[in-house]
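This report refers to the structure that appears directly beneath it.
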Amino acid sequence: MRGHKPIKSNFIVLTPFCLFMSVVRLDISAGRVYGSFLTWEAFFSLCLFTLFSAAQTLFVSPPTGHDHYDRLRPLSYPDTDIFFVCFSVVSPSTVYSIREKWVPEILFHCPRVPFLLVGTQVDLRDDSVTLEKLAKNKQRPVTFESGETLAHELKAVKYMECSALTQKGVQNVFEEAIRVVLEPLHNKSSRCVLL
């Protein structure tokens, strides 16, 4: 990608369980980029990934996900390349918000924009205190298989899981999003070379 202008892209993170959403900007350019790593509940200015032999830099800013901003929030959606729709695997009620609020909202405002369904807090799936609380309400954590089924039903690009606490899977989620955004560009350039 040397000699090309950086490509600017937007990612939106939608998550009902912590009432927080982030717009993530992607710069694609040659060379090394250094930075901090992103978690779901806190953010730093940038992250580093290398895909398709190029440095991928994600810049994050947090517009609000509170309900009283429902009419303003979609103003941040134009030019978005991918959404992260997140729910807590240890809070099955958050799946309701995914089905009833977040996915309908993005499909209404951005029907052609892909989204990843992301199960968060997987570190608590086997936590005895969390399991006891869920059992008192006759609930269980959302399984990976249930998440995949939900992703298929909602027509998500893919279902993924992560833990901000342990960082397990967090980088994979962002790398997959970058892949989804870049794959059409990568394939187009490959096709041009073959022609």
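Whatever position you read off the sequence shown (first residue = 1), add 4 for my numbering.
All C-beta atoms, glycine included, are put in the ideal place defined by N, C-alpha and C.
C-alpha gap between Pro145 and Asp127, whole angstroms: 11 Å
From Glu187 to Ser92, what distance separates their C-alpha atoms? 28 Å
Can you find a CB in chain B that lies within less than 8 Å of the CB of Tyr73? Considering every chain present, this structure includes no chain B. It has just one protein chain.
Proximity to Pro78 [Cα-Cα], best of Lys105, Cys166, Asn176, Lys159: Lys105
In or out: Ala181 buried (at least 16 other Cβ within 10 Å) or exposed? buried
What is the residue span of the beta strand (DSSP E) that Ile86 lies within? 84-92
What is the residue span of the beta strand (DSSP E) that Leu121 lies within? 119-124
Please check the pair Thr124 and Cys166, which I expect to be a contact at CB under 8 Å, by giving their CB distance rounded to whole angstroms. 6 Å
For the beta strand (DSSP E) containing Lys162, name the first residue and the last one. 162-165
Can you tell me whether DSSP reads Gln175 as helix, strand or coil? helix
Contact check, Val117 vs Phe88 under 8 Å by CB: the rounded distance? The Cβ separation is near 11 Å, so there is no contact.
Measuring straight from C-alpha to C-alpha, what distance separates Lys137 and Ser80? 37 Å
With a 10 Å radius around its C-beta and 16 neighbouring C-beta atoms as the bar for buried, classify Ala160 as buried or exposed. buried
Is it right to say Leu154 is buried, meaning 16 or more other beta carbons lie within 10 angstroms of its own, or is it exposed? buried
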